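K.L.:
Structure in structure tokens, see below.
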Amino acid sequence: MGRKLLLEKAHVEGIRHFDVYRREGGYKAVEKALKTMTPDQVTEEVKKSGLRGRGGAGFPAGMKWSFLAKPEGVPRHLVCNADESEPGTFKDRYLMEFIPHLLIEGLVVASYALGSNDTYIYIRGEYAWIVDILEQAIEEAKANNFLGDNILGSGFNCRIHVQRGAGAYICGEETALLESLEGKRGNPRIKPPFPAVKGLWDRPTVVNNVETLAAVVPIINNGGEDYASIGVGKSTGTKLISACGNINNPGVYEIDMTISVEEFIFSDEYCGGIANGKRLKACIPGGSSVPILPANLLLKTAKGETRMMNYESLADGGFATGSMMGSGGFIILDEDQCVVRHTLTLARFYRHESCGQCSPCREGTGWMEKILNNIEYGKGKMSDIDLLWEIQRKIEGNTICPLGDAAAWPVAAAIRHFRDEFEWHVLNPEESQKRNYGLAHYADPVHVPVG
Amino acid sequence: MIKFSEQTLKEAERLIARYPEGKEKSALIPLLHLAQDEFGGWLSPEAMDYVAGLLKLEPIEVYEVATFYSMYNLRPVGRYVFEVCQTGPCMLRGSDNIIDYIKKRLSINVGETTEDGLFTLKTVECLGACGYAPMMQLGQHYREHLTPERVDQIIEECRVNAAKNN
Ligand SMILES: Cc1cc2nc3c(=O)[nH]c(=O)nc-3n(C[C@H](O)[C@H](O)[C@H](O)COP(=O)(O)O)c2cc1C
Ligand code: SF4
Ligand code: FES
């Protein structure tokens, strides 16, 4: 079992409350940072840790912090991205629900490093009950002088505010999030300028994911080097994975990034294997936006190496034969699942969530859904498959924000790896309404259930 | 003229005070949540105009925002709104069957409200509960690991609640 840095204490009775959290060693990172370190030293430590943003893009957190503009007399802000709306992803919710003080502690330390006196948590509107949990944690921290004015006599003031969204995946994109936080529609901004220069209310702003900010706590407590010693290569520290789909133990797992995909899926410590004794067909390993992989390419790379649960290994082979770590949303499809139908639900999702600003995304997501709908319901033509491919290609790279790419990639990967399943739907319009295509040649060659 | 209760008005003021001077518009989305909760589960033009007044905004600035976000209901809804997730991960765990079951049980289609005004059925996209699928949102909370039996229980629970709080 690997080391746990974030969830180790998540199930200690009463850990949601300040007293228990404190007794278990909580808020030591705040003491250490505010009493013994300068803001720049905190940033240095985060740089040393190699921590990469956990929201999906994997950008080094310490580097992002050091880009923050610091003009005289202009307030700066830290904004925590708790919008968590990428299908397959539910790790931030878990962390906030079970161990809210860890996030609050991370926010205080990060706010200190960045000089943010007013820090905002932007949380998806549907997580309404978590807002109450966070606000209670904030009140408790304030009552104990780990938040508020002159924290621990350091002279540093920090307030944390929880802002609810109202249902819009696009508000997870950082500039759309800032628009929403300003009380507007969530239309992404054209970059540059980047938030580090012009963010919330045109002030310098850092946006980080919940998990990224929580990870700052163990980094300050144990040092950046200790954090960097866990994991492998540029995949340092631990990563939360939310596992779902057709597995025995769906849930949130903290892994160190040295385990294999095979171990993660089949070991009882994690997913516990495929549900109902079925066989593994395919997996989307990093949230709905990343490429789907058939079982044979999932467990081993195209070069025949064991695929590992880390940034580099999941991306091995590029889009031709690899995928991405993304947001850590791990979705498993068993042998009975239909890739066309699954892709259709994702296309519908992106059509629904497109903000409509750029025509390739607004129109393209609509067309992709329509065509996939036709194929799924036995009304597709062979040429539709090529048309789908063309549309996704025209969206990718031609939009203001990466939602366009995120909508294109799942469709592209489904056609790339499962083209025969699309063709089977077209050629067998009636049969495809009654049964699914099944496993075909993408089967996982290893794990054949007995009996 | 509609207006917030004393208590809601206080909450609105607390929310507005979280932003720097001149940036009160930031409170718009939270205030629309308050308005929807207080004024019968949806945002009528009157409710939106009221919020505009509180924040000294043009009504159009409020409409623009209210129409963007999927949690705001711009038409009346039933007392209990079943928002069932239909995205990939939930589909893999049988959300299609749950949606069909609710349709049959309540004799309504997606987007409709039962004649007695008690239930509305909506389909929604991923709510961040994929590991606990199939699921729905009901008010401020999630109902997870849905089965037909669970759905029956929830419907019954709502009916009992409605009878109690009439
Ligand atoms: C369409 C879209 C949706 C996104 N949703 C989220 C989200 O829900 N949570 C999140 O942390 N990042 C999300 N991101 C990434 C953010 O834009 C941003 O990169 C991230 O919050 C930065 O934090 P990190 O560096 O700590 O990962 C999304 C990006 C895009 C393009
Ligand atoms: S790519 Fe799509 S979501 Fe992003 S700005 Fe353009 S239309 Fe909006
Ligand atoms: S897909 Fe239904 S909650 Fe995520």
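Going line by line, the protein sequences match chains A and B.
Position 169 of the first sequence, counted from 1, bears residue number 168 in numbering that gives the first Met the number 0, the numbering being contiguous throughout.
Position 117 of the second sequence, counted from 1, bears residue number 116 in numbering that gives the first Met the number 0, the numbering being contiguous throughout.
Glycine included, every Cβ here is placed at the ideal spot set by N, Cα and C.
Note that this is a predicted model, so its numbers are computed, not measured.
Rounded to whole angstroms, what is the Cα-Cα separation between residue 94(A) and residue 239(A)?
P.N.:
As a position in the first sequence, residue 94(A) is number 95, starting the count at 1. As a position in the first sequence, residue 239(A) is number 240, starting the count at 1. Their Cα atoms are separated by approximately 9 Å.
K.L.:
At 9 Å on the CB atoms, spell out the chain B contacts of residue 451(A), in chain order.
P.N.:
What the structure shows of chain A is the stretch from 0 to 450, and residue 451(A) is not part of that stretch, so it cannot be assessed.
K.L.:
Going by DSSP, name the residue or residues bridged to residue 198(A).
P.N.:
By one-based count along the first sequence, residue 198(A) stands at place 199. DSSP, once it has assigned bridges, lists no residue as partnering residue 198(A).
K.L.:
Got a sec: is the Cβ-Cβ distance from residue 332(A) to anything in chain B below 9 Å?
P.N.:
As a working note, residue 332(A) is residue 333 in the first sequence. Judged by the 9 Å Cβ criterion, residue 332(A) is in contact with chain B.
K.L.:
Which residues in the same chain as residue 112(A) place their Cβ atom closer than 7 Å to its Cβ, once the five residues preceding and following it in sequence are excluded?
P.N.:
One-based indexing of the first sequence puts residue 112(A) at position 113. Within the same chain, residue 112(A) has close Cβ partners 38, 41, 42, 64.
K.L.:
With a threshold of 6 Å on Cβ separation, who are the neighbours of residue 271(A) within its own chain once the five nearest residues in sequence on each side are excluded?
P.N.:
The residue labelled residue 271(A) in the question sits at position 272 within the first sequence. Correct list, in chain order: 247, 248.
K.L.:
With burial defined as no fewer than 16 other Cβ atoms inside 10 Å of the residue's Cβ, what is the status of residue 142(A): buried or exposed?
P.N.:
Indexing the first sequence from 1 puts residue 142(A) at position 143. Its Cβ having fewer than 16 others within 10 Å, residue 142(A) is exposed.
K.L.:
What would DSSP say about residue 218(A), mapped onto helix, strand or coil?
P.N.:
Here residue 218(A) is taken as the residue at index 219 of the first sequence, counted from 1. Reduced to three states, the DSSP call for residue 218(A) is helix.
K.L.:
Is residue 19(B) close to chain C, meaning its C-beta is less than 9 Å from at least one C-beta of that chain?
P.N.:
Among the protein chains of the structure shown, namely A and B, there is no chain C.
K.L.:
Show which residues of chain A have a CB atom less than 7 Å away from the CB atom of residue 67(B).
P.N.:
Stepping through the second sequence from its first residue, residue 67(B) is reached at position 68. Ordered by position in chain A, the residues that pass the 7 Å Cβ test against residue 67(B) are 167, 184, 185.
K.L.:
So if I threshold CB-CB distances at 8 Å, which residues from the region 116 to 129 of chain A count as touching chain B?
P.N.:
Answer set for the region 116 to 129 of chain A: 117, 123, 124, 125, 126, 127, 128.
K.L.:
Is any beta-carbon of chain A found at less than 9 Å from that of residue 58(B)?
P.N.:
As a first step, residue 58(B) is located in the second sequence; it is residue number 59 there, counting from the start. Cβ-Cβ to chain A under 9 Å: no for residue 58(B).
K.L.:
Taking any heavy atom of ligand 2 as the mark, which residues have a C-beta closer than 6 Å to it, listed down the chain?
P.N.:
Answer in sequence order: 169(A), 187(A), 353(A), 354(A), 355(A), 356(A), 357(A), 360(A), 361(A), 398(A), 399(A), 400(A), 402(A), 403(A).
K.L.:
Here's the rule I'm using: 16 or more other beta-carbon atoms within 10 Å means buried, otherwise exposed. How should residue 38(B) be labelled?
P.N.:
The residue given as residue 38(B) occupies position 39 in the second sequence. Under this definition residue 38(B) is a buried residue.
K.L.:
Sort 124(B), 89(B), 46(B), 118(B) by Cα distance to residue 69(B) and report the nearest one.
P.N.:
The residue labelled residue 69(B) in the question sits at position 70 within the second sequence. Selected option, being the one with the closest Cα: 124(B).
K.L.:
Does the beta-carbon of residue 162(B) have 16 or more other beta-carbons within 10 angstroms, so that it is buried, or is it exposed?
P.N.:
The residue given as residue 162(B) occupies position 163 in the second sequence. Residue 162(B) should be labelled exposed.
K.L.:
Identify each residue in the region 234 to 260 of chain A for which the Cβ-Cβ distance to at least one residue of chain B is less than 8 Å, and report them in chain order.
P.N.:
So the close ones are 241, 242, 243, 244, 245, 249, 250, 251.
K.L.:
Should residue 58(A) be counted as a contact of ligand 1 given a C-beta to heavy atom distance under 8 Å?
P.N.:
One-based indexing of the first sequence puts residue 58(A) at position 59. Checking every heavy atom of ligand 1 against the Cβ of residue 58(A), one is found closer than 8 Å.
K.L.:
Skipping 5 residues on each side, what residues in its chain have a beta carbon closer than 8 Å to that of residue 100(B)?
P.N.:
For the purposes of this step, residue 100(B) is taken as the residue at position 101 of the second sequence. Counting only Cβ-Cβ distances below 8 Å, and skipping sequence neighbours, we find 147, 150.
K.L.:
With respect to 8 Å, is the separation between the Cβ of residue 86(A) and the closest non-hydrogen atom of ligand 3 below this value?
P.N.:
Stepping through the first sequence from its first residue, residue 86(A) is reached at position 87. Because some heavy atom of ligand 3 lies under 8 Å away, the Cβ of residue 86(A) counts as near it: yes.
K.L.:
With a floor of 4 residues, list each alpha helix (DSSP H) that falls wholly inside the region 65 to 131 of chain A, ordered by position along the chain.
P.N.:
Entirely contained in the region 65 to 131 of chain A, the alpha helix (DSSP H) runs reaching 4 residues are, in chain order, 90 to 97, 99 to 113.
K.L.:
Against residue 87(B), what residues of chain A qualify as contacts under a CB-to-CB distance less than 7 Å, listed in chain order?
P.N.:
Taking the second sequence and counting its residues from 1, the one referred to as residue 87(B) is at position 88. The answer, in chain order, is 86, 287, 330, 341, 344, 345.
K.L.:
What are the boundary residues of the alpha helix (DSSP H) that residue 91(B) is part of?
P.N.:
For the purposes of this step, residue 91(B) is taken as residue 92 along the second sequence, with counting starting at 1. Residue 91(B) -> alpha helix (DSSP H) spans 87 to 91.
K.L.:
With a cut-off of 8 Å, do at least 3 Cβ pairs link the region 203 to 221 of chain A to the region 44 to 62 of chain B?
P.N.:
Segments in contact, no.
K.L.:
Specify the secondary structure class of residue 317(A) as computed by DSSP and reduced to three states.
P.N.:
Translated into positions along the first sequence, residue 317(A) becomes position 318. Note: residue 317(A) maps to helix in three-state DSSP.
K.L.:
Can you check which of these residues, 20(A), 59(A), 408(A), is closest to residue 287(A) by C-alpha distance?
P.N.:
Working through the first sequence from its first residue, we reach residue 287(A) at position 288. That would be 408(A), whose Cα lies nearest to the Cα of residue 287(A).
K.L.:
Can you tell me whether residue 481(A) is buried or exposed, with buried defined as 16 or more other CB within 10 angstroms of its CB?
P.N.:
Here chain A covers residues 0 to 450 and nothing more, so residue 481(A) does not appear.
K.L.:
Could you check the C-alpha separation between residue 153(B) and residue 79(B) for me, to the nearest Å?
P.N.:
The residue given as residue 153(B) occupies position 154 in the second sequence. The residue given as residue 79(B) occupies position 80 in the second sequence. Straight-line Cα distance between these residues: approximately 10 Å.
K.L.:
If you measure beta-carbon to beta-carbon, which residues of the region 347 to 362 of chain A are closer than 9 Å to chain B?
P.N.:
Here the close residues are 347, 348, 351, 352, 354.
K.L.:
Taking the Cβ atom as the reference point for each residue, do residue 106(A) and residue 204(A) lie within a distance shorter than 9 Å?
P.N.:
As a working mapping, residue 106(A) is identified with position 107 in the first sequence. As a working mapping, residue 204(A) is identified with position 205 in the first sequence. Not closer than 9 Å, so no.
K.L.:
Mind checking residue 123(A): buried by the 16 CB within 10 Å criterion, or exposed?
P.N.:
For this step, residue 123(A) is matched to residue 124 along the first sequence. So residue 123(A) ends up on the buried side.
K.L.:
What does residue 255(A) pair with, by DSSP beta-bridge criteria?
P.N.:
In the first sequence, counting from the first residue as 1, residue 255(A) sits at position 256. Its beta-bridge partners are 237(A).
K.L.:
Rounded C-beta distance between residue 313(A) and residue 284(A)? I'm assuming under 8 Å.
P.N.:
Sequence index remark: in the first sequence, residue 313(A) carries index 314 (1-based). Sequence index remark: in the first sequence, residue 284(A) carries index 285 (1-based). Rounded, the Cβ-Cβ distance is 6 Å, consistent with contact.
K.L.:
Hey, would you say the C-beta of residue 282(A) is under 8 Å away from at least one heavy atom of ligand 3?
P.N.:
Stepping through the first sequence from its first residue, residue 282(A) is reached at position 283. Checking the Cβ of residue 282(A) against ligand 3 gives no.
K.L.:
Of all the CB atoms in chain B, is at least one closer than 9 Å to the CB of residue 449(A)?
P.N.:
As a working note, residue 449(A) is residue 450 in the first sequence. Low per-residue confidence applies at residue 449(A): pLDDT is 44, beneath 50, and the placement is therefore not dependable, though the value from the model is reported in the following sentence. Closer than 9 Å: no.
K.L.:
Using a 10 Å radius around the Cβ and a threshold of 16 neighbouring Cβ atoms, would you call residue 106(B) buried or exposed?
P.N.:
Position 107 of the second sequence holds residue 106(B). Its Cβ having fewer than 16 others within 10 Å, residue 106(B) is exposed.
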